[in-house]
Amino acid sequence: MICLIVGDKAENGRRSDSRAAGSSKGPEQSSALIHFDDVSRTYVHGRVRALRGVSLRIEHEDYVAVTGPSGSGKSTLLYLASGMDRPDAGTVFFEGVSREKPAEWTRLRATRIGFVFQSFQLIGSLTAAENVELPMLGVIAGERKRRERAAELLERVGLGHRKLHRIGELSGGEAQRVAIARAMANSPSVILADEPTGNLDSRTASQVLDLLEDLHKREKVTLMMVTHDAENAGRAKRIIHIHDGEIVGEESRKEPA
Ligand SMILES: Nc1ncnc2c1ncn2[C@@H]1O[C@H](COP(=O)(O)OP(=O)(O)OP(=O)(O)O)[C@@H](O)[C@H]1O
Ligand SMILES: [Mg+2]
Numbered sequence: 133m134i135c136l137i138v139g140d141k142a143e144n145g146r147r148s149d150s151r152a153a154g155s156s157k158g159p160e161q162s163s164a165l166i167h168f169d170d171v172s173r174t175y176v177h178g179r180v181r182a183l184r185g186v187s188l189r190i191e192h193e194d195y196v197a198v199t200g201p202s203g204s205g206k207s208t209l210l211y212l213a214s215g216m217d218r219p220d221a222g223t224v225f226f227e228g229v230s231r232e233k234p235a236e237w238t239r240l241r242a243t244r245i246g247f248v249f250q251s252f253q254l255i256g257s258l259t260a261a262e263n264v265e266l267p268m269l270g271v272i273a274g275e276r277k278r279r280e281r282a283a284e285l286l287e288r289v290g291l292g293h294r295k296l297h298r299i300g301e302l303s304g305g306e307a308q309r310v311a312i313a314r315a316m317a318n319s320p321s322v323i324l325a326d327e328p329t330g331n332l333d334s335r336t337a338s339q340v341l342d343l344l345e346d347l348h349k350r351e352k353v354t355l356m357m358v359t360h361d362a363e364n365a366g367r368a369k370r371i372i373h374i375h376d377g378e379i380v381g382e383e384s385r386k387e388p389a
């Protein structure tokens with residue numbers, strides 16, 4: 133069943149919660165996995181207001197799709213959620229830790245957050261296995277342990293037989309599966325995926341989503357995924373609609389009783 137909640141501006145069905153939490157660290161705020169509290173982001177170049185006063189909670193084990201027109205601020209939202217970018221106003225929290233605490237966020241980013249880019253962002257001169265091992269440096273001690281974990285993850289995404297291939301020797305779908313294995317390197321609690329299927333044909337796209345959903349179901353990984361594709365978005369439990377830097381509505385899908 134799909135339940136549509138559309139409000140004016142940034143109503144995302146949970147706004148009252150996040151507003152109630154305010155900017156002080158209350159219990160509701162710290163219970164959310166990711167919490168945007170009235171967050172804005174303006175790019176200096178061109179003075180583009182990419183996000184305007186967004187309040188949003190992503191709960192543990194959520195499966196959220198973010199959808200909206202090109203230029204509406206979806207990638208910006210995801211970069212802020214990952215800590216790769218920071219807001220000009222408002223606060224982003226991860227498990228209650230404010231983005232303003234750089235040392236703690238660096239650790240969180242390395243160990244708790246996996247990111248999958250639309251354009252893969254893999255290192256072409258390295259093999260699939262070396263790409264997956266990279267985020268483990270400084271987190272998992274011992275070269276052998278890292279190599280075994282990379283092999284295990286590549287096996288998991290169906291690429292055990294391609295682990296010594298360089299990225300240029302892989303198909304688009306295979307490269308994206310390497311990117312998912314890399315995102316899983318340090319067993320994160322959330323995978324943030326920016327158009328993970330944007331460059332793939334529909335059959336391969338469906339396989340990549342199956343893989344992400346398998347991680348969500350079996351390992352309780354929270355998924356937050358940007359997608360243009362309504363069919364893909366429809367597979368998520370929550371669909372957040374963004375327009376012109378503002379959340380303009382949310383749909384939530386309840387499992388049939
Ligand atoms: N580094 C930047 N400097 C200036 N403007 C930027 C920068 N990055 C993004 N923008 C602008 O901010 C707005 C939001 O960009 P964003 O990449 O978040 O959109 P999007 O919804 O992900 O779009 P798409 O679906 O095309 O990927 C756009 O108008 C974009 O041109
Ligand atoms: Mg984008």
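Residues in the sequence shown are numbered consecutively from 133, following this note's numbering. The beta carbon of each residue, even a glycine, is placed where N, CA and C say it ideally should be.
| query | result |
| --- | --- |
| Rounded C-alpha distance that separates GLN161 from ILE190 | With a pLDDT of only 49 at GLN161, under the threshold of 50, the placement of this residue in the model should not be trusted, and no figure is reported. |
| Own chain, CB closer than 7 Å to VAL264, minus 5 neighbours either side, in chain order | ALA282, LEU285, LEU286, VAL310, ALA313, ARG314, ALA317 |
| SER230: CB within 7 Å of a non-hydrogen atom of ligand 2 | no |
| SER303, buried or exposed, once every other Cβ within 10 Å from all chains shown has been counted against 16 | exposed |
| Endpoints, the beta strand (DSSP E) within which VAL322 is located | 322-326 |
| Cβ contact check for the segment 218-229 and the segment 288-306: 3 or more pairs under 8 Å | no |
| Rounded straight-line distance, which links the Cα of HIS293 to that of GLN339 | 18 Å |
| Segment contact flag, the segment 368-386 with the segment 195-215, C-beta cutoff 8 Å, min 3 pairs | yes |
| Neighbour flag for GLY377 against chain D, beta carbons, 8 Å | No chain D appears in the structure shown, which is made up of a single protein chain. |
| Limits of the unbroken alpha helix (DSSP H) element including ASP346 | 334-351 |
| Boundaries (first-last residue) of the beta strand (DSSP E) holding ILE166 | 166-175 |
| heavy atom of ligand 1 below 7 Å from ALA182 C-beta | yes |
| Cβ separation of ASP194 and LYS352, assumed to be a contact under 8 Å, to the nearest whole Å | Going by Cβ atoms, the distance from ASP194 to LYS352 rounds to 11 Å, so no, they are not a contact pair. |
| THR199, enclosing beta strand (DSSP E) - first and last residue | 195-199 |
| Reference ALA325, options ALA260, THR336, GLN308, closest by Cα | GLN308 |
| Buried/exposed call for SER251, threshold 16 Cβ in 10 Å | exposed |
| Buried/exposed call for GLU383, threshold 16 Cβ in 10 Å | buried |
| For THR208, three-class secondary structure by DSSP | helix |
| Near ligand 1: GLY178 beta-carbon under 7 Å from a heavy atom | yes |
| Three-state class that DSSP yields for SER251 in the structure shown | coil |
| C-beta atoms of ARG173 and ASP220 nearer than 8 Å | yes |
| Buried or exposed (CB count within 10 angstroms, at least 16 for buried), ILE255 | exposed |
| Buried versus exposed, by CB contacts within 10 Å (16 or more), MET133 | Caution applies to MET133, whose pLDDT of 46 falls short of 50 and renders its modelled position unreliable; the model cannot decide the point. |
| DSSP-derived helix/strand/coil call for GLY381 | strand |
| Neighbourhood of MET268 by C-beta distance below 6 Å, restricted to the same chain and skipping five residues each side | ARG278, ALA317 |
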